[in-house]
Each structure stands twice: as structure tokens, then as C-alpha cells.
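> This is the structure, below, for whatever I ask next.
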Amino acid sequence: MDKYEDLLERAIDQLPPEVFEHKRFKIPKAYSDIQGNRTFIKNFK
């Protein structure tokens, strides 16, 4: 079991630091236009 833990620790050490940062994902505000029975989304990416 020691070999598995060593491999796991080695893999964790090779991960970039951004993986461990906790940031909230912000959903962008949708700009839409309703014309009749159709909805047009203007800032959809």
C-alpha cells in the first residue's frame, strides 16, 4: 500500500496550483430579445 500512496503523492505534487484554488463560477447575465414566439440570445458563446 505504501507504493500506491507514494504514487498518489507524486501525482498530486505534479498538479498545477490552479487545481487547488477554489473560485466561484459566475454565470454571465444573458441579454435576450423576445420577438413573438421566438427568443434571441445576444451574448451566447
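If you read the sequence shown in this note's numbering, its first letter stands for residue 1, the second for the next number, and so on.
Note that CB positions come from ideal geometry on N, CA and C, so glycine has one too.
#1: For residue 42 and residue 33, which I take to be in contact (beta-carbon distance under 8 Å), what is that distance rounded to the nearest angstrom?
#2: Do you know how far the Cα of residue 6 is from the Cα of residue 25?
#3: What is the rounded straight-line gap between the Cα of residue 8 and the Cα of residue 23?
Inspection of the coordinates gives the following:
#1: Within the sequence shown, the letter at position 42 stands for residue 42. Within the sequence shown, the letter at position 33 stands for residue 33. Confirmed, about 7 Å.
#2: Taking the sequence shown and counting its residues from 1, one reaches residue 25 at position 25. Taking the sequence shown and counting its residues from 1, one reaches residue 6 at position 6. Looking at the two C-alpha atoms, the distance is approximately 33 Å.
#3: In the sequence shown, counting from the first residue as 1, residue 8 sits at position 8. In the sequence shown, counting from the first residue as 1, residue 23 sits at position 23. For residue 8 and residue 23, the distance between alpha carbons rounds to 24 Å.
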